[in-house]
Amino acid sequence: MIISNPLARVFMSVHIIHLAEQFAKEQLQHDSSGHDWWHCHRVRQMALRIAKKEGADEFVCELAALLHDVADEKLNTSKEAGIMKVRQWLETHVKDAHKLEHVLDIIATLSYNGGHHPPMKTLEGQIVQDADRLDALGAIGIARAFAYAGWKGHILYDPEAKPREVISAHEYRNEKGTAINHFYEKLLKLKDTMNTEWGKRIALQRHQVMEQYLAQFYQEWDSSVGNLED
Ligand code: ADP
Ligand code: NI
22 MIISNPLARV FMSVHIIHLA EQFAKEQLQH DSSGHDWWHC HRVRQMALRI AKKEGADEFV
82 CELAALLHDV ADEKLNTSKE AGIMKVRQWL ETHVKDAHKL EHVLDIIATL SYNGGHHPPM
142 KTLEGQIVQD ADRLDALGAI GIARAFAYAG WKGHILYDPE AKPREVISAH EYRNEKGTAI
202 NHFYEKLLKL KDTMNTEWGK RIALQRHQVM EQYLAQFYQE WDSSVGNLED
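No gaps in the numbering here: position 193 of the sequence shown is 214 in this note's numbering, and each next residue is one more.
Written out as structure tokens, the structure reads:
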């Protein structure tokens with residue numbers, strides 16, 4: 022069903038966004054893997070910023086951003102169960118079937134998945150994916166990578182463990198790695214996968230922050246682990 026009165030449509034959209042915020046908060050409030058409510062909020066704000074620049078459907082971007090990690094396979098019993106949870110919520114609250122399917126399609130396909138997903142189909146999908154990826158970069162991206170590593174039981178760094186070059190979706194998600202190797206296996210690759218011009222520009226700045234951070238990390242590592250006579 023599509024509401025024809027423009028004012029009623031705006032009111033309805035604001036109401037749905039408010040309910041989606043509550044749902045995301047309730048689902049992700051206890052997350053300590055870097056996919057908590059504030060991650061969704063940052064992704065929402067960034068998606069809206071890019072959507073305004075690109076003239077995209079802001080409602081679709083905002084709703085998909087708010088709910089994108091409620092369906093995350095890491096935080097559900099399976100990818101299908103996560104998608105089903107979001108589908109049920111959308112079917113209860115969103116009456117416009119086209120927008121409902123659009124939001125669900127974005128959520129089902131935006132995940133990095135070890136780099137194995139095909140490109141996003143719509144501008145709105147590209148925008149939400151860029152916003153999610155930007156939150157994996159820079160100072161916040163560094164913080165999230167270490168939070169995730171701790172959550173998974175991975176160590177910070179092991180100079181003898183080399184980053185994996187080619188990695189299947191299963192290995193990406195299930196094999197033990199180190200936080201520092203995650204930079205090489207994913208985070209430093211992200212700047213070349215951005216969809217929008219704005220996303221590319223911010224990704225480059227945040228990429229440089231991570232490179233500086235890694236240089237400092239190795240410097241401190243060497244001065245701690247290096248020869249005592251130095
Ligand atoms: P997406 O959210 O696109 O599905 P991921 O779930 O793979 O992507 O990663 C989301 C964030 O979780 C990453 O940006 C990173 O901060 C963290 N993360 C995922 N896997 C790892 C890992 N093996 N080591 C450290 N951080 C990770
Ligand atoms: Ni996310």
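The beta-carbon is built from N, C-alpha and C at its ideal position, and this holds for glycine as well.
Is residue i helix, strand or coil by DSSP?
| i | result |
| --- | --- |
| residue 159 | helix |
| residue 116 | coil |
| residue 50 | coil |
| residue 56 | coil |
| residue 77 | coil |
| residue 92 | coil |
| residue 27 | helix |
| residue 248 | coil |
| residue 125 | helix |
| residue 134 | helix |
| residue 100 | helix |
| residue 67 | helix |
| residue 142 | coil |
Check whether the Cβ atoms of residue i and residue j lie closer than 8 Å to each other.
| i | j | result |
| --- | --- | --- |
| residue 211 | residue 154 | yes |
| residue 145 | residue 64 | no |
| residue 61 | residue 90 | yes |
| residue 159 | residue 231 | yes |
| residue 197 | residue 175 | yes |
| residue 134 | residue 190 | yes |
| residue 54 | residue 172 | yes |
Assign residue i to buried or exposed, taking buried as 16 or more other Cβ atoms, counted over all protein chains shown, within 10 Å of its Cβ.
| i | result |
| --- | --- |
| residue 102 | exposed |
| residue 207 | buried |
| residue 28 | exposed |
| residue 115 | buried |
| residue 244 | exposed |
| residue 52 | buried |
| residue 76 | exposed |
| residue 228 | buried |
| residue 43 | exposed |
| residue 67 | buried |
| residue 36 | exposed |
| residue 118 | exposed |
| residue 247 | exposed |
| residue 107 | buried |
| residue 31 | exposed |
| residue 123 | buried |
Can you find the residues in the same chain that come closer than 8 Å, C-beta to C-beta, to residue i, ignoring five residues on each side of it along the sequence?
| i | result |
| --- | --- |
| residue 177 | 167, 170, 199, 200 and 201 |
| residue 242 | 178 and 180 |
| residue 112 | 121 |
| residue 50 | 57 and 58 |
| residue 79 | 69, 72 and 73 |
| residue 132 | 93, 94 and 138 |
| residue 156 | 60, 63, 64, 67, 162 and 165 |
Quick one: what's got a C-beta closer than 6 Å to residue i's C-beta in the same chain, skipping five residues either side?
| i | result |
| --- | --- |
| residue 127 | 85, 146 and 149 |
| residue 184 | 202, 205 and 206 |
Got a sec? Which residues, its chain only, sit under 7 Å from residue i by beta carbon, not counting five neighbours each side?
| i | result |
| --- | --- |
| residue 215 | 151, 154, 221 and 224 |
| residue 45 | 58, 61, 87, 88 and 91 |
| residue 71 | 148, 151, 152, 217, 219 and 220 |
| residue 41 | 84, 87 and 88 |
Contained alpha helix (DSSP H) runs [length at least 4] in the region 166-243, N- to C-terminal order
Complete alpha helix (DSSP H) runs here, min 4: 190-195 and 200-206.
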